[in-house]
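Remarks on the structure that follows.
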Amino acid sequence: MTAMTPHIAPSLVARINPVAKLIAALVVSITLLLSVDIVSASVALVLTLALVSFAGLSARSFWVRTAPVWFAAPFAAVTTILYGEDSGRELLGFGIATISEGSLLLGVAIMLRVLAIGIPGVVLMATTDPTELADGLSQVLKLPARFVLGALAGMRMIGLFIDDWRAMGQARRARGVADTGAIRRFAAQAFALLVLAIRRGSKLATAMEAKGFGAETERTWARESRFRGPETVLVAIGVLIAGTAVTSAVLAGTWSFVIG
94 MTAMTPHIAP SLVARINPVA KLIAALVVSI TLLLSVDIVS ASVALVLTLA
144 LVSFAGLSAR SFWVRTAPVW FAAPFAAVTT ILYGEDSGRE LLGFGIATIS
194 EGSLLLGVAI MLRVLAIGIP GVVLMATTDP TELADGLSQV LKLPARFVLG
244 ALAGMRMIGL FIDDWRAMGQ ARRARGVADT GAIRRFAAQA FALLVLAIRR
294 GSKLATAMEA KGFGAETERT WARESRFRGP ETVLVAIGVL IAGTAVTSAV
344 LAGTWSFVIG
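Sequence positions in the sequence shown follow this note's numbering and run 94 to 353.
Encoded structure:
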């Protein structure tokens with residue numbers, strides 16, 4: 094049974110085959126990785142943000158899920174601005190770090206590119222059920238069943254690990270050992286979670302092998318995964334966004350192919 098997240102309202106995107114979402118995200122991502130310029134990233138980011146409302150995510154769920162992307166993008170920009178290759182007029186210099194016109198533009202381009210690649214990927218995967226994704230990978234893309242089922246089992250374990258981390262933190266606070274030494278506490282708790290993950294993974298692998306999930310025979314699937322009209326439309330939208338971004342950058346004269 095498919096269990097959608099409570100913060101995700103029913104939407105057309107949520108009902109689309111996850112394989113189509115994966116292909117659309119890859120098309121946009123790979124295209125943006127071919128050049129580092131402001132125009133293509135800006136166009137792709139604006140177009141993808143305009144389509145976010147159709148994903149069915151609430152405002153709170155959108156900001157919570159994409160928070161790591163919004164945090165990583167400025168960090169990547171600052172790092173590039175300070176230590177990236179200098180070109181053009183030097184604007185500021187202190188120690189080994191210098192800021193030039195070229196490094197500033199490059200940093201902004203990197204920030205926009207991280208947002209344009211990360212946000213649509215997070216939004217599309219937030220509306221995807223892991224079991225439906227496994228069905229699509231095996232039936233539509235014809236990936237090996239053993240690989241797909243192993244990946245599905247691993248994805249299902251993520252929620253358990255989050256609960257384990259929260260439970261360990263509460264247990265430490267209850268014992269009064271979580272008030273000081275944040276770094277040491279984090280390291281100890283992370284090591285404990287690693288040990289727990291290894292044990293749980295070993296038990297899961299043994300149980301799956303005992304139930305025949307590792308058999309070489311052709312596997313049947315309880316639910317049929319189909320690639321139809323809505324899936325084709327979503328992939329076409331991804332191609333259109335990528336094509337529009339590239340065309341805009343070429344017309345603006347900012348397209349810079351990363352190779353050569």
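Glycine included, every Cβ here is placed at the ideal spot set by N, Cα and C.
Bear in mind that the values here come from a model prediction, so they are computed numbers and not experimental data.
- Contact between alanine 166 and leucine 208 is confirmed by a C-beta separation of about 5 Å, below the 8 Å threshold.
- Under a 10 Å Cβ-count criterion, lysine 114 is classified as buried, with 16 or more other Cβ atoms of the shown protein chains found around its own Cβ.
- Beyond the five residues adjoining it in sequence on each side, leucine 205 comes within less than 7 Å, by CB distance, of Ile131, Ala134, Ser135 and Leu138 in the same chain, given in chain order.
- The segment 217-225 and the segment 106-122 touch, with three or more beta-carbon pairs separated by less than 8 Å.
- Within the model, the alpha-carbon separation for tryptophan 258 versus proline 323 is close to 39 Å.
- With respect to the 8 Å criterion, glycine 149 and valine 106 are classified as neighbours on the basis of their beta carbons.
- As far as DSSP is concerned, serine 146 takes part in no beta bridge.
- When the Cα atoms are used, tryptophan 156 and alanine 345 turn out to be separated by approximately 32 Å.
- Here alanine 152 is exposed, its C-beta having fewer than 16 other C-beta atoms within 10 Å.
- Here valine 145 has Phe155 and Val216 as same chain residues with Cβ atoms under 7 Å from its own Cβ, once five neighbours each way along the sequence are excluded.
- The C-alpha of alanine 238 is placed about 41 Å away from the C-alpha of alanine 342.
- Judged by pairs of C-beta atoms under 8 Å, the segment 299-318 touches the segment 225-237, as three or more such pairs exist.
- Within the DSSP bridge table, the entry for serine 128 names Phe350 as partners.
- Ranked by Cα distance from alanine 308, the first of Thr141, Phe164 and Phe240 is Phe240.
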